[in-house]
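What follows is a set of notes on a single structure, which appears directly below.
Numbering (our numbering), first residue to last: 6 to 477.
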């Protein structure tokens, strides 16, 4: 720790002198720190600009892919009969749908068992449709509860349950999948009595369709059957049908008697998705323009300038964005500019949407609008694809214009900080040297003072001696 020595001999306020001289030398630091603060404000502004451009790009990415723009809605004339949905692969139109039969899962029920009655020892061979046979071991003491648990654990495509009617217990087996092909087949190896087909022991659970049916069929395995626009006997093994009408999924709910089993299915183009994406793009673009207006403004009353006022890079980005908006796209009949869709720049440079014109374009020229936005028949980039590519270039983290600008600003900040550090080191060294010189001066003055005091003492002594001699 350094010790400050004041002007004990000279009477000088050494600390004050050094402090004032240091303050003069620190003036360049103050100027550099102000420049650094200005650069930091600009760096923050470019970070905000990058976020605004990212938001615009995200909005544009909803417009540069035809699959994101194409949407259909489907309605059922009778939702108690069937419900319906449509994907982008659908085609607008209407269809007559008749539901003649619902798909059903095969269900079997056993004869009555008492609570603790053993089913019988052996092996159950369980098979559903054309699936592999699953073997289930049954011990001599197993009840139907044990059998139901074993069937469920086997995951053989069948789920089992036990029903109690107040007196007796019944085993039910239900196929996991609907459809006429998914018939439950259950044979046994009855080691209890050696007979695999009788109504005793484990063979009471046999259901070999058309051969031995010791279980009762509670529900026949059935396909769904529908008629679409006169095409009859369309069979499916499920009540959710997605391969009869392209892009349309029909979910059957009931199959009443004619004529209540017929309803109209309508598929229409849903332009609301495209409108919503257009609105998102317009809002993101206008938000970006608001950003520029804020950061490139000048307040004459306060003399305050926005962080990007007069900034060449910011001006270039703003002009490039405007060029994207006004550029033309060749090769799409009736649509060469964004304004042909009803989206145009107003006098303030912001985008406005003519909803009537936009809806008319989407309702009557949807394919052309999609081509204009994505890719023309000639293979040229559409408006949205071109703009997204341009934004990608700007936002590229390595070679983009924003990255280069931010790196340049950061380099300037780093350089200023290095300069400040060098100046502070120089001032610190100067203070050390100057304080040492003042301390040396104090020592020298102290020596001079001591010599002066000694000479004065000698003079006084001589005068006293002289007075003594004179008075004798």
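Think of the CB as a built atom: it goes at the ideal place given N, C-alpha and C, for glycine as much as any other residue.
(request) Just the C-alpha distance for residue 20 and residue 408, rounded to the nearest angstrom, thanks. (result) 48 Å
(request) Apply the 10 Å Cβ neighbour rule to residue 394 and answer buried if 16 or more other Cβ atoms are within range, or exposed otherwise. (result) exposed
(request) Could you tell me which of 427, 159 and 344 sits nearest to residue 332, measuring between CA atoms? (result) 344
(request) Throw me the rounded Cβ distance for the residue 165 and residue 147 pair, which I believe falls under 8 Å. (result) That pair is no contact at about 13 Å.
(request) Have a look at residue 295 and residue 406 and give me their C-alpha separation to the nearest angstrom. (result) Between residue 295 and residue 406, the C-alpha separation is close to 21 Å.
(message) Under DSSP, the beta strand (DSSP E) around residue 370 begins and ends at which residues?
(response) No beta strand (DSSP E) holds residue 370; DSSP gives it neither H nor E.
(request) Would you identify the three-state DSSP class for residue 414, choosing helix, strand or coil? (result) helix
(request) Would you list the one or two residues that DSSP bridges to residue 111? (result) Residue 111 is not bridged to any residue.
(message) On a Cα-Cα basis, can you pick out the residue from 371, 348 and 313 that is closest to residue 360?
(response) 348
(message) According to DSSP, is residue 96 part of a helix, a strand, or is it coil?
(response) coil
(request) Please confirm whether residue 104 and residue 260 have their CB atoms less than 8 Å apart. (result) yes
(request) Count the C-beta pairs between the stretch 39 to 47 and the stretch 262 to 274 that are closer than 8 Å, then say yes if the count reaches three, no if not. (result) no
(request) Output the boundary residues of the alpha helix (DSSP H) element that contains residue 56. (result) 32 to 65
(request) Work out the CA separation of residue 141 and residue 159 for me, nearest whole Å. (result) 7 Å
(request) Pair every Cβ in the stretch 237 to 255 with every Cβ in the stretch 81 to 98, then say whether three or more of these pairs are closer than 8 Å. (result) yes
(message) If distances are taken between C-alpha atoms only, which option among 312, 190 and 460 comes closest to residue 47?
(response) 312
(message) Spatial neighbours of residue 189 within its chain, please: C-beta separation below 7 Å, excluding the five flanking residues on both sides.
(response) 111, 113, 133, 163, 178, 180 and 212
(request) Would you tell me roughly how many angstroms separate the C-alpha atoms of residue 379 and residue 74, rounded to the nearest one? (result) In a straight line, the C-alpha of residue 379 is about 10 Å away from that of residue 74.
(message) I need the straight-line Cα distance from residue 145 to residue 79, nearest angstrom please.
(response) 57 Å
(message) Taking 8 Å as the threshold (C-beta atoms), are residue 291 and residue 356 in contact?
(response) yes
(message) Quick check on residue 301: does DSSP put it in helix, strand or coil?
(response) coil
(message) Could you give the first and the last residue of the continuous beta strand (DSSP E) run that contains residue 342?
(response) Where residue 342 is concerned, there is no enclosing beta strand (DSSP E), given that its DSSP letter is neither H nor E.
(message) So, for residue 193: in the same chain, excluding its five sequence neighbours on each side, which residues have a beta-carbon less than 7 Å away from its beta-carbon?
(response) 127, 128, 129, 130, 201, 207, 208, 210 and 211
(request) Indicate the three-state DSSP secondary structure (helix, strand or coil) for residue 397 in the structure shown. (result) helix
(request) Using only alpha-carbon positions, find the residue among 398, 371 and 402 that is nearest to residue 340. (result) 371
(request) Using the DSSP secondary-structure output, state which residues sit across from residue 349 in a beta bridge. (result) 357
(request) Can you have a look at residue 283 and say buried or exposed, based on whether 16 or more other CB atoms are within 10 angstroms of its CB? (result) Buried is the call here.
(request) Starting from residue 179, trace the beta strand (DSSP E) both ways and give me its first and last residue. (result) 174 to 180
(message) So for residue 213, helix, strand or coil by DSSP?
(response) Residue 213: strand per DSSP, three-state reduction.
(message) Using 8 Å as the threshold, is the C-beta distance between residue 246 and residue 229 below it?
(response) yes
(message) Going by the DSSP bridge assignment, what does residue 195 pair with across the sheet?
(response) 127
(request) Have a look at residue 410 and residue 81 and give me their C-alpha separation to the nearest angstrom. (result) Each residue's Cα considered, the two are about 57 Å apart.
(request) Determine, using beta carbons only, whether residue 286 and residue 430 come nearer to each other than 8 Å. (result) no
(request) Express the C-alpha separation of residue 24 and residue 466 in angstroms, rounding to a whole number. (result) 45 Å
(message) Between which residues of its own chain and residue 338 is the CB-CB distance below 8 Å, once the five residues before and five after are set aside?
(response) 373
(message) Could you tell me the alpha carbon to alpha carbon distance between residue 121 and residue 143, rounded to whole angstroms?
(response) 15 Å
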